[in-house]
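In our numbering, the protein residues as written are 707 to 978.
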């Protein structure tokens, strides 16, 4: 199996963790990612330390509190494939959070270095930017949960719905050079859900010189590490593919570079 694929545990750990990525386990500097599953009434409490955190309620409802704030009964979708924007909570470094599941809950814990510069806040569904990107079989739905236009120190968080038979993160693009304003260096995780769940997604991760060149078959509940290179995704016919992206790097901006071999696709006249 590729070292870029992170598989979920068969059973949740003591805190409900089913999948975890740390900078140490990924071999990089910035992005941490975790999926936690809690049964109704179970809680998760943690200090943020030197990390800022974005808690994304993938499915289910919860009470969430920090040092200064509390929100009760947040959450609305019971499956990511309802395709409605999620409830999320931003928590700065030097804070803590407690999440109590009101229903069975799947929670994404997105983390990156923080400076404590912004207060904890709720990101409600109506605050999430929704857009349709691409055309034809490149079309996909985007939920901008924590884009660069919204305050944070390091984190960028977005979720993408790729219809069956479509491609996303396409044309293939990369963001692995700290070369503003042309390109930014951003580590990235992809957390996949597939409907029906016996399906799969296909993701390629490759560099110009092919020193990294992998084609991955990704199953429901798995994550993919993108340390560098281009990283397009395909949803096979019959299967809807969802993924949650977490990005962070030395500069909080998303500037990408398309693979020159395939950039022409964006200039091709659309068929009517």
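For each residue, glycine too, the CB sits at the ideal point set by N, CA and C.
Separation of residue j from residue i, as counted between CA atoms
i            : j           : result
residue 653  : residue 852 : What the structure shows of the chain is the stretch from 707 to 978, and residue 653 is not part of that stretch, so it cannot be assessed.
residue 834  : residue 710 : 29 Å
residue 726  : residue 863 : 16 Å
residue 755  : residue 800 : 5 Å
residue 978  : residue 723 : Legend: pLDDT at residue 978 = 35, less than 50; position of this residue unreliable, value from coordinates given subsequently. Those two C-alpha atoms are separated by around 47 Å.
residue 812  : residue 891 : 29 Å
residue 759  : residue 817 : 5 Å
residue 849  : residue 781 : 15 Å
residue 959  : residue 950 : 18 Å
residue 905  : residue 918 : 26 Å
residue 719  : residue 739 : 15 Å
residue 791  : residue 965 : 30 Å
residue 1046 : residue 963 : No answer is possible for residue 1046: the residues shown for the chain start at 707 and end at 978.
residue 944  : residue 907 : 11 Å
residue 911  : residue 815 : 24 Å
residue 913  : residue 708 : 16 Å
residue 836  : residue 845 : 13 Å
residue 783  : residue 829 : 15 Å
residue 1001 : residue 967 : Any answer about residue 1001 is impossible in this case: the structure gives the chain only from 707 up to 978.
residue 748  : residue 776 : 17 Å
residue 730  : residue 823 : 25 Å
residue 789  : residue 847 : 9 Å
residue 770  : residue 921 : 39 Å
residue 887  : residue 827 : 30 Å
Residue i classed as buried or exposed, judged by whether at least 16 other C-beta atoms fall within 10 angstroms
i           : result
residue 895 : buried
residue 778 : exposed
residue 970 : exposed
residue 751 : exposed
residue 712 : buried
residue 934 : buried
residue 772 : buried
residue 767 : buried
residue 939 : buried
residue 735 : exposed
residue 757 : buried
residue 885 : exposed
residue 855 : exposed
residue 941 : buried
residue 732 : buried
residue 916 : exposed
residue 832 : exposed
residue 717 : exposed
residue 728 : exposed
residue 883 : exposed
residue 868 : buried
residue 762 : buried
residue 972 : exposed
residue 923 : exposed
Paired residues, beta bridge with residue i - DSSP
i           : result
residue 703 : No answer is possible for residue 703: the residues shown for the chain start at 707 and end at 978.
residue 958 : The partner list for residue 958 (beta bridge, DSSP) is empty, contrary to what the question assumes.
residue 787 : BP columns for residue 787 are empty, so no partner.
residue 809 : BP columns for residue 809 are empty, so no partner.
residue 868 : 947
residue 782 : None; residue 782 has no bridge partner.
residue 738 : 817
residue 835 : 850
CB-CB length for residue i against residue j, believed under 8 Å
i           : j           : result
residue 803 : residue 878 : Not really, about 36 Å apart at Cβ, beyond 8 Å.
residue 881 : residue 961 : 7 Å
residue 901 : residue 946 : 4 Å
residue 714 : residue 742 : About 11 Å separates the two Cβ atoms, so there is no contact after all.
residue 988 : residue 785 : This structure cannot settle anything about residue 988, because the visible part of the chain is limited to 707 through 978.
residue 897 : residue 787 : Incorrect: roughly 14 Å between the Cβ atoms, too far for contact.
residue 807 : residue 764 : 12 Å between Cβ atoms; not a contact.
residue 926 : residue 903 : 4 Å
residue 825 : residue 774 : 7 Å
residue 737 : residue 893 : 5 Å
Checklist line | Given 8 Å, three or more beta-carbon pairs between the segment 874-883 and the segment 840-847 | finding: yes
Next item on the list: Could you say if the segment 795-810 and the segment 925-932 meet the contact criterion of at least three C-beta pairs nearer than 8 Å?
Entry: no
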